[in-house]
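See structure below.
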Amino acid sequence: MDDFIVARALHVLAVLMWIGGVGFVTCVVMPSIRRHDDAAQRMEAFGRIERRFAPQARLWVLLAGASGFWMIYRAQMWDRFEDLRFWWMHAMVCLWLFFALMLFVVEPLLGHRPSNRAAEPAARFRRLEWVHRLLLLLAVVTVLGAVAGSHGLF
Numbered sequence: 001m002d003d004f005i006v007a008r009a010l011h012v013l014a015v016l017m018w019i020g021g022v023g024f025v026t027c028v029v030m031p032s033i034r035r036h037d038d039a040a041q042r043m044e045a046f047g048r049i050e051r052r053f054a055p056q057a058r059l060w061v062l063l064a065g066a067s068g069f070w071m072i073y074r075a076q077m078w079d080r081f082e083d084l085r086f087w088w089m090h091a092m093v094c095l096w097l098f099f100a101l102m103l104f105v106v107e108p109l110l111g112h113r114p115s116n117r118a119a120e121p122a123a124r125f126r127r128l129e130w131v132h133r134l135l136l137l138l139a140v141v142t143v144l145g146a147v148a149g150s151h152g153l154f
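Take a look at the structure:
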């Protein structure tokens, strides 16, 4: 079972770095850009930072997914997905799937191109901030649920 212990340690590290990064971007980077950059330049400023940050996010999301799925496989926990008492397992997979799709499919294919609905950079940045806040909230609830649930609270 040493492999399970290693997988759990890697999983905790990956989630810490991944969700910690989401928190940093949401609570520090984006408000700083909003306060110090002209509205028309906010998306460009965010893009400069994101280009350096995205490879790290991809690494941690990939490691969180690989270690999580390894633990499910190794401990034969597939039946937990049939029981709503293990809701945090569903939440972890859904959150991971969303981030994996964004980081590995959507952003590489589309980048941050303006859409027809919100071609103005200030509106796009506001929407991006809102989405980051929502994702951070969902991530925090998921992490709290996973830690509490895996230790028998639910």
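The opening residue of the sequence shown carries number 1 in my numbering; numbering runs sequentially from there.
The beta-carbon is built from N, C-alpha and C at its ideal position, and this holds for glycine as well.
| task | Identify the continuous alpha helix (DSSP H) that holds arginine 142 and give its terminal residues. | result | Note that residue 142 is threonine in the sequence shown here, rather than arginine. Run containing threonine 142: 121-150, per the alpha helix (DSSP H) assignment.
| query | Distance, Cα to Cα, methionine 92 vs valine 25? | reply | 20 Å
| said: Once DSSP output is grouped into helix, strand and coil, what is the label at glycine 111? | reply: coil
| task | Label phenylalanine 4 either buried or exposed according to how many other C-beta atoms from any shown protein chain fall within 10 Å of its C-beta, with 16 as the threshold for buried. | result | So phenylalanine 4 ends up on the exposed side.
| request: Since I believe valine 15 is in contact with valine 105 (beta carbons under 8 Å), could you give me their beta-carbon distance rounded to a whole number of angstroms? | output: Not confirmed; about 21 Å, so no contact.
| message | In the DSSP assignment, the alpha helix (DSSP H) including leucine 13 goes from what residue to what residue? | response | In this chain, the alpha helix (DSSP H) harbouring leucine 13 covers 2-24.
| query | How far does the alpha helix (DSSP H) with leucine 103 in it reach, from first residue to last? | reply | Looking at the DSSP string, leucine 103 is not in any alpha helix (DSSP H), and its letter there is neither H nor E.
| message | Buried or exposed for proline 108, going by 16 or more other Cβ atoms inside 10 Å? | response | It counts as exposed.
| Tell me which same chain residues have a C-beta within less than 6 Å of the C-beta of leucine 101, skipping the five on either side of it? | Here the set comprises nothing.
| query | Any contact of the region 7-22 with the region 61-70, i.e. 3+ C-beta pairs under 8 Å? | reply | Flag = yes, the region 7-22 and the region 61-70 touch.
| said: Within 8 Å, do at least three Cβ pairs link the region 132-141 to the region 43-54? | reply: no
| said: For alanine 169 and arginine 74, what's the separation of their Cα atoms in angstroms? | reply: Not covered by the structure: residue 169. The range shown for the chain is 1 to 154.
| query | How about phenylalanine 125 and alanine 57: do their beta carbons lie closer than 9 Å? | reply | no
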